[in-house]
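Trainee:
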Amino acid sequence: MGLVIIFALVTLLSVLGLLRSFKDKNVMGIVFAGGTLAVFGWFTVMTIIHHGFPTAH
Numbered sequence: 033m034g035l036v037i038i039f040a041l042v043t044l045l046s047v048l049g050l051l052r053s054f055k056d057k058n059v060m061g062i063v064f065a066g067g068t069l070a071v072f073g074w075f076t077v078m079t080i081i082h083h084g085f086p087t088a089h
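So the sequence shown is residues 33 to 89, counted in my numbering.
Have a look at this one:
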């Protein structure tokens with residue numbers, strides 16, 4: 033369950049970074065925040081689907 037929480041926090045922080053990059057019109061920030069959002073968002077969703085929430089032992 034700790035892994036899901038960490039992935040979700042990183043995903044939320046990447047959303048905030050992406051929004052801030054759009055606001056500042058920072059292309060490199062948009063690329064890296066978008067990539068982070070895609071990768072960690074996918075990890076978050078797949079971890080929840082595979083292991084369930086809450087974690088079933």
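Quick reminder that beta carbons are idealized off the backbone N, C-alpha and C, glycines included.
Of the residues Trp74, Gly49, Met78, Asp56, which one's Cα is nearest the Cα of Phe64?
Mentor: Working through the sequence shown from its first residue, we reach residue 64 at position 32. It is Gly49.
Trainee: Alpha carbons only, please: which of Ile81, Gly84, Thr68 is nearest the one belonging to Phe47?
Mentor: Along the sequence shown, one-based indexing puts residue 47 at 15. Checking the sequence shown, residue 47 turns out to be Val, not Phe. Out of Ile81, Gly84, Thr68, Thr68 has the C-alpha closest to the C-alpha of Val47.
Trainee: Can you find the residues in the same chain that come closer than 6 Å, C-beta to C-beta, to Lys55, ignoring five residues on each side of it along the sequence?
Mentor: On the sequence shown, residue 55 is found 23 positions in, with the first residue counted as 1. None.
Trainee: Please decide whether Asp56 counts as near chain D, where near means a Cβ-Cβ distance under 7 Å.
Mentor: Protein chains in the displayed structure number just one, and chain D is not present.
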